[in-house]
Structures are given as C-alpha cells and as structure tokens.
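Data block below; observations after.
Protein chains: 2
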Amino acid sequence: MIKFIIMAKRSKQEEAELRHVFGKAGARFTRQREAVWQLFKGKARGLTIPEAAKALKRKGVGPATVYRTAALLEGLGLLRRVHDAGGERRFVASRPGHYHALVCRSCGQVVDFEGCDLSLLERVLTTETGFRIEGHHLEVFGLCASCKAVNK
Amino acid sequence: MIKFIIMAKRSKQEEAELRHVFGKAGARFTRQREAVWQLFKGKARGLTIPEAAKALKRKGVGPATVYRTAALLEGLGLLRRVHDAGGERRFVASRPGHYHALVCRSCGQVVDFEGCDLSLLERVLTTETGFRIEGHHLEVFGLCASCKAVNK
DNA sequence: GCCATAATGATAAATTTTATCATTAACTGA
DNA sequence: TCAGTTAATGATAAAATTTATCATTATGGC
Chain A
85 MIKFIIMAKR SKQEEAELRH VFGKAGARFT RQREAVWQLF KGKARGLTIP
135 EAAKALKRKG VGPATVYRTA ALLEGLGLLR RVHDAGGERR FVASRPGHYH
185 ALVCRSCGQV VDFEGCDLSL LERVLTTETG FRIEGHHLEV FGLCASCKAV
235 NK
Chain B
85 MIKFIIMAKR SKQEEAELRH VFGKAGARFT RQREAVWQLF KGKARGLTIP
135 EAAKALKRKG VGPATVYRTA ALLEGLGLLR RVHDAGGERR FVASRPGHYH
185 ALVCRSCGQV VDFEGCDLSL LERVLTTETG FRIEGHHLEV FGLCASCKAV
235 NK
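If you read the sequences in order, they're chains A and B. Take 85 as the starting number for the first sequence in our numbering and just add one per residue. Take 85 as the starting number for the second sequence in our numbering and just add one per residue.
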C-alpha cells in the first residue's frame with residue numbers, strides 16, 4: 085500500500101522531536117538551524133542552496149551556514165536531494181525512511197510517497213548483471229491536479 | 085523483458101550514425117565534439133563536467149566547449165545525467181530512448197537497462213494524487229560483480 | 001548561571017559556470 | 001575541388017556557486 089506524507093505544522097511536539105533528533109546526533113539546536121528547517125519545510129517544491137541562502141539572508145543566516153546546515157539536515161534524514169527536470173540540485177523536507185518524490189513540472193510541488201515495489205525488477209537485475217542491489221532512487225514527474233487544470 | 089546495452093567500439097558505421105544524428109539536428113560534426121563524445125563513451129562511470137574538461141584540455145578542447153557540447157549531446161540523447169551517491173552531477177554515454185542506470189557504488193560503473201514496468205505504480209499515483217504522470221527517473225545502486233568479489 | 005566548545009558570520013579563496021567576441025573551420029552548392 | 005556562409009571554438013573575463021579559515025558568539029551540560 086502506498087502512504088502519502090503530509091507535513092505537520094509547527095508545534096511544541098515538533099520542536100521536541102527536532103531537539104531529540106539533533107541531540108541524538110550530538111548537534112546543537114540553534115536559531116539558524118531551525119530557520120533553515122522551517123524554510124524548507126514550508127516549500128513543497130524544495131529549494132536550491134542559493135535560493136535558500138537568499139531567503140535566509142533576511143533572517144540573519146549566512147550562506148556558509150546554509151551550506152553547512154543543509155548537509156547536516158541531509159545527514160539526519162530531514163532533507164532529501166531531488167533533481168528537477170533541468171537537473172538542478174534541490175533539497176526537500178523529508179521524513180527519515182524510504183520515500184520517493186512525485187514532482188510537478190509546472191509548479192515544482194513535491195509529494196512524497198513510499199510503497200514502491202521494485203523487488204521483481206531488482207531480482208532480474210541481480211541475475212542478469214551479477215550486481216548486489218543495495219537501493220534505488222526513483223522520481224516521478226508530471227502535472228499536479230491544479231496545474232493540469234490551468235494548462236488545459 | 086529487460087534489454088541491456090553494450091556500447092559498440094568506434095567504427096566507420098558509428099561515425100556515419102553520429103554524423104546523421106548531428107546533421108538531423110542542424111549541428112556540425114566537429115573534432116571537439118567527437119573528442120567529447122569519445123571520452124564519455126569510454127567511461128562507464130561517466131564524468132562530471134570539470135573532470136571531462138580536465139581530460140580534454142590535453143586534446144585542445146576548452147572548458148566552454150565542454151559545457152556547450154555536453155548540453156548539446158544531452159539534447160541529442162547521446163548523454164544522460166546521472167547523480168551518484170554524493171549527489172554529484174555526472175554525464176554518461178547513452179542511447180536515445182528510455183533507459184535507466186544501474187550504478188556501482190564502489191567503481192562507479194554504469195549499466196544501462198530498459199524494461200522497467202512502473203505502470204501499476206503510476207496508475208495508483210494518478211488516482212491518489214490527481215497528477216497526470218508524464219515520466220520517471222530511476223536509478224538503482226549496488227555493487228557490481230567484481231567489486232562484490234573484492235570487497236568480500 | 002558558568003564553562004567548554006560547537007556553531008556562526010565575515011572574509012577570502014577556490015571552483016564551477018556563463019557570457020562575449022574575434023578567429024577558425026565545417027557544411028553548402030557550384 | 002573550392003570558395004562563401006556562418007556555426008562553432010578558444011581566450012578572456014565575469015558571474016555565480018562552494019569551500020576554507022578564524023575570531024566571536026551562543027548552546028547545552030553541569
């Protein structure tokens with residue numbers, strides 16, 4: 085069964101969770117790191133680092149910190165890389181686990197989903213190529229419902 | 085059925101094919117463009133642009149031309165973008181059509197394959213999200229047979 | 001609240017990518 | 001085969017992105 089992810093709004097509970105994830109990794113919970121996380125969490129289409137850096141400059145977060153924090157959050161499983169149609173590197177808020185992205189080519193909105201079944205494909209690849217399959221990365225493109233309506 | 089691609093060696097026939105592909109697109113068949121293509125064709129793991137630029141400098145091909153040519157070859161379907169584990173943008177020789185990459189995380193070798201069947205997944209996504217699915221991008225990681233042997 | 005030190009901002013440097021333009025060389029047609 | 005047209009290239013510079021360094025700041029543990 086396929087499960088879709090809806091990002092929860094900011095809450096005390098979320099802050100506690102965040103603090104826990106950070107703490108477990110020995111990382112401090114700073115104003116800047118939360119600003120970065122909140123920014124990405126609010127953008128369904130994700131952001132490139134330069135885009136994020138521009139938006140965060142106003143909030144007093146420097147570019148170097150954006151780079152550092154994106155790498156950190158990726159390591160913690162809170163951000164995931166997505167490559168849009170143009171091959172641009174974007175980061176999107178995520179939950180730890182095995183998710184894939186359904187990306188709208190018009191507005192860029194990203195819907196995460198899990199529950200892909202590639203076991204058959206992987207079995208064939210194993211026998212045909214001798215590879216030991218360890219994982220995969222899947223992205224699906226299309227037009228979301230509202231862009232479909234607008235673009236005819 | 086899954087079909088694997090083995091890149092043919094350089095030949096008169098290949099040159100004719102190349103000339104045809106270039107010509108049909110109104111692009112000229114230059115020494116530099118062939119050098120770029122030959123370089124990528126010989127590297128199963130693909131190359132980043134800076135890597136390619138470094139290798140081609142010796143052959144008298146400037147960086148700007150490498151960028152321009154990679155974009156051209158991608159447009160012609162002769163190169164495809166692949167993102168390795170580190171998220172680096174690499175270009176890999178390809179054939180026109182719908183192929184996916186099986187990437188070895190140790191040596192970086194890429195085996196193209198076609199014949200993935202995601203129609204069921206795409207049908208579910210369509211009904212669940214309202215998206216009009218237009219395509220997908222799939223990469224499978226693992227250890228190739230020889231790296232598997234070496235790394236135990 | 002104090003302390004140790006991780007994290008930040010500022011700055012600079014390195015790297016990657018794009019733009020410009022005079023020169024070169026690939027295709028066209030005779 | 002050869003000249004003419006013009007796309008493509010190299011050189012150069014500029015812009016943009018990414019990484020490194022280090023003094024200062026602020027977080028988390030006690």
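Where is the CB? At the ideal position from N, CA and C, for every residue including glycine.
{"Item": "If I follow the unbroken alpha helix (DSSP H) through A/H104, where does it start and stop?", "Value": "K96 to K108"}
{"Item": "In the DSSP assignment, the beta strand (DSSP E) including A/E223 goes from what residue to what residue?", "Value": "R216 to L227"}
{"Item": "With H, G and I counted as helix, E and B as strand and the rest as coil, what does DSSP make of B/A177?", "Value": "strand"}
{"Item": "Could you tell me the distance, in whole angstroms, from the CA atom of B/V224 to the CA atom of A/E206?", "Value": "8 Å"}
{"Item": "Going straight from the alpha carbon of A/H182 to that of B/Q116, what length do you get?", "Value": "42 Å"}
{"Item": "Output, in chain order, the set of chain A residues within a Cβ distance shorter than 8 Å of B/R189.", "Value": "E218"}
{"Item": "Locate the beta strand (DSSP E) running through B/F237, then write down its first and last residues.", "Value": "In the structure as shown, chain B starts at 85 and stops at 236, and residue 237 of chain B therefore has no counterpart that could be examined."}
{"Item": "Thinking just about the alpha-carbon of each residue, which of B/K108, B/A119, B/H221 and B/L156 is nearest to the one in B/R142?", "Value": "B/A119"}
{"Item": "On the criterion of 16 or more Cβ atoms from any shown chain inside 10 Å, does A/R94 qualify as buried, or is it exposed?", "Value": "Bear in mind that the predicted position of A/R94 carries a pLDDT of just 48, short of 50, making it too unreliable to give a figure here."}
{"Item": "Does any CB atom of chain B fall closer than 8 Å to the CB of A/M91?", "Value": "Because A/M91 carries a pLDDT of 41, less than 50, the predicted location of this residue cannot be relied on, and the following value inherits that uncertainty. A/M91 does not count as touching chain B."}
{"Item": "Taking 8 Å as the CB-CB limit, is B/T211 close to chain A?", "Value": "no"}
{"Item": "Am I right that B/W121 and B/L102 are in contact with their C-beta atoms under 8 Å? What's the rounded C-beta distance?", "Value": "7 Å"}
{"Item": "Can you give the Cα-Cα distance for A/M91 and A/I217, rounded to whole angstroms?", "Value": "In this predicted model, A/M91 has a pLDDT of only 41, less than 50, meaning its place in the structure is not dependable enough to derive any value."}
{"Item": "Using DSSP's beta-bridge definition, name the partner residues of B/R165.", "Value": "B/F175"}
{"Item": "Go ahead and label A/T114 buried or exposed: buried means 16 or more other beta carbons lie within 10 angstroms of its beta carbon, across all protein chains shown.", "Value": "exposed"}
{"Item": "Give the residues of chain B in contact with A/V237, contact being defined as C-beta atoms less than 8 Å apart.", "Value": "There is simply no residue 237 of chain A to check, as chain A begins at 85 and stops at 236 in what is shown."}
{"Item": "Give every residue of the same chain whose Cβ lies closer than 8 Å to the Cβ of A/H104, excluding the five residues on either side of it in the sequence, and list them in chain order.", "Value": "none"}
{"Item": "Please report how far the alpha carbon of B/K138 lies from the alpha carbon of B/T211, in whole angstroms.", "Value": "48 Å"}
{"Item": "Sort out for me which residues DSSP pairs B/H184 with in a bridge.", "Value": "B/F197"}
{"Item": "Starting from A/K138, trace the alpha helix (DSSP H) in both directions and tell me its first and last residue.", "Value": "I133 to K141"}
{"Item": "Quick one, which of B/K127, B/A148 and B/Q193 has its alpha-carbon nearest B/C228's?", "Value": "B/Q193"}
{"Item": "Identify whether B/G130 lies in helix, strand or coil by the three-state DSSP scheme.", "Value": "coil"}
{"Item": "Do A/V176 and A/V166 count as a contact pair if the criterion is CB distance below 8 Å?", "Value": "yes"}
{"Item": "Taking the C-alpha atoms as reference points, what is the distance between B/L131 and B/R174?", "Value": "5 Å"}
{"Item": "Is A/K232 close to chain B? Criterion is C-beta to C-beta, closer than 8 Å.", "Value": "yes"}
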